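So the structure is just underneath, and the comments pick up after that.
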Ligand SMILES: Cc1cc2nc3c(=O)[nH]c(=O)nc-3n(C[C@H](O)[C@H](O)[C@H](O)COP(=O)(O)OP(=O)(O)OC[C@H]3O[C@@H](n4cnc5c(N)ncnc54)[C@H](O)[C@@H]3O)c2cc1C
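Numbering (this note's numbering), first residue to last: 1 to 418.
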């Protein structure tokens, strides 16, 4: 009889094969545990596919920071490319919104920045190690990330630089000429730039996740492609019900990204997870006018990343239900602006939509579920999950193995909300 009929037994079953789940699965294999990684799609096909590919050293300040208050009047108009919001969703989720805004205070900056700095630092180290091991080193570029302003924003750039420097994060302040020197192929529309020099990027985040998944399989891990329908307590362990069978394991890791809350609800966990949706579209590049690195147009509220297939333009945030129909307003708003900066041709594909999973304090959950032994939560990585997946996975593997993670996981404890 096949596994799908009898049910399989593993030490750990990891639910979700985005960057977070794949990383956890690989890190668990490295500790010698038997691991089944399950997803209804190929690894790296959802949020971890469509992001901007930035491995960001400096993203230690989440969106809900004090400056959000001064931006709120603009955002309330619901016309800004940085943030669109659905009024009906907002009313239904007012509790989440109030908690999100309550974190946008001065006293909440340092604790969260310190926590994210630890997670990011550990993760960048692992990405740089794993990408070589996974035979995908050609995909990583150590050219930094440029945040650029059209206005005379030297003050804002210097403030950001000073803040990052407190955490030992290096950056360079650039004027128009210096920007042209490092990005000779863009129109010189930017007066001020901040180059995050310790940040890297990749030319296909989905392909990197697939490479890590191959590395996991190569290390003896099993990948099972199936819809996950339930997580059930089963004696000392767990039984995960799949559309085509089931798997039993001592431990279950929930790494389902924006879908994580769904399967936890029947177990009594109401996870305050919201969705900062975002879009991308890719365009044929002009090889003679290529970009050297991702560029964040701070006032235009978009990013352009040179990818394997072309230039990927990504949008800001759309606050709405995870599965509500797409609205291409933000893409329509930013693409003509992006064309005014970089030269690119026709679209190579349809627009893509994803959902950044976000908890009210913008920190992910990394750790044990409070009321169930052997259930591990690993999601909510908002704008920086592609960066922070590896260290998240390694921390979960360490905790399952009874070891201490390499960074402070206290601030990411699921019990702060559950
Ligand atoms: C526009 C945009 C730009 C971004 N840019 C960046 C960036 O530059 N750098 C960065 O670090 N981060 C970025 N992010 C954030 C990052 O992409 C996410 O935080 C990260 O990908 C989340 O990874 P994950 O593994 O948690 O989720 P996912 O990658 O979504 O993985 C979850 C998996 O669970 C599976 N799944 C869900 N439900 C089921 C079920 N019932 N049965 C079976 N399988 C299931 C899905 O198929 C999916 O593969 C960006 C996000 C967006 C939207």
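Beta carbons are placed, not taken as given, at the ideal position from N, Cα and C, and that holds for glycine. As the structure is a computational prediction, the values presented were derived from the model and not from experiment.
For residue i, is the classification buried or exposed, using 16 other Cβ atoms within 10 angstroms of its Cβ as the cut-off for buried?
i, result
"residue 402", "exposed"
"residue 91", "exposed"
"residue 284", "exposed"
"residue 64", "buried"
"residue 13", "buried"
"residue 69", "exposed"
"residue 181", "exposed"
"residue 151", "exposed"
"residue 421", "This structure gives no information on residue 421, because the portion of the chain shown stretches from 1 to 418."
"residue 138", "exposed"
"residue 358", "buried"
With a threshold of 6 Å (Cβ to nearest heavy atom), would residue i be considered close to ligand 1?
i, result
"residue 358", "no"
"residue 39", "yes"
"residue 51", "yes"
"residue 16", "yes"
"residue 46", "yes"
"residue 283", "no"
"residue 247", "no"
"residue 386", "yes"
"residue 259", "yes"
"residue 20", "yes"
"residue 278", "yes"
"residue 419", "Residue 419 lies beyond the range of the chain shown here (1 to 418); nothing can be said about it."
"residue 314", "yes"
"residue 235", "no"
"residue 383", "yes"
"residue 354", "yes"
"residue 179", "no"
"residue 126", "no"
"residue 228", "yes"
"residue 256", "yes"
"residue 131", "no"
"residue 120", "no"
"residue 400", "no"
"residue 311", "no"
"residue 54", "yes"
Helix, strand or coil for residue i, going by three-state DSSP, please let me know.
i, result
"residue 296", "strand"
"residue 357", "strand"
"residue 266", "helix"
"residue 2", "In this prediction, residue 2 scores a pLDDT of 40, lower than 50, which makes its location untrustworthy; the coordinate-derived value is nonetheless stated afterwards. Looking at residue 2 - three-state DSSP - the assignment turns out to be coil, as it is neither helix nor strand."
"residue 417", "coil"
"residue 244", "coil"
"residue 60", "coil"
"residue 95", "helix"
"residue 419", "Nothing can be reported for residue 419, as the shown portion of the chain is limited to 1 through 418."
"residue 271", "coil"
"residue 71", "helix"
"residue 251", "strand"
"residue 390", "helix"
"residue 23", "helix"
"residue 233", "strand"
"residue 407", "coil"
"residue 377", "strand"
"residue 383", "helix"
"residue 224", "strand"
"residue 31", "coil"
"residue 218", "helix"
"residue 81", "coil"
"residue 200", "strand"
"residue 66", "coil"
Under 7 Å, Cβ to Cβ, is there at least one residue of chain C near residue i?
i, result
"residue 23", "Among the protein chains of the structure shown there is no chain C, as only one such chain exists."
What residues in its chain sit with their C-beta under 6 Å from that of residue i, if we drop five residues either side in the sequence?
i, result
"residue 398", "405"
"residue 310", "282, 283, 284, 285, 348"
"residue 143", "292, 293"
"residue 352", "50, 280"
"residue 8", "247"
"residue 31", "397, 401"
"residue 233", "none"
"residue 227", "40, 243"
"residue 289", "185, 343"
"residue 122", "391, 406, 407"
Sorted by chain position, which residues of the same chain lie with C-beta nearer than 8 Å to residue i's C-beta, five sequence neighbours on each side aside?
i, result
"residue 183", "146, 291, 292, 293, 295"
"residue 328", "279, 351"
"residue 277", "317, 318, 319, 320, 322, 353, 354, 355, 356"
Residues in the same chain with beta-carbon distance under 7 Å from residue i, minus the five sequence neighbours each way, listed in chain order, please.
i, result
"residue 78", "84, 85"
"residue 220", "29"
"residue 6", "With a pLDDT of only 45 at residue 6, under the threshold of 50, the placement of this residue in the model should not be trusted; the figure read from the coordinates follows. Result list for residue 6: empty, nothing under 7 Å."
"residue 307", "53, 203, 204, 282"
4 or more residues per run - each alpha helix (DSSP H) lying fully within the region 165–190: 176–182
Those runs of the alpha helix (DSSP H) which lie wholly inside the region 284–354 and span at least 4 residues: 329–339
Segments assigned alpha helix (DSSP H), at least 4 residues, entirely inside the region 102–176: 109–133, 154–166
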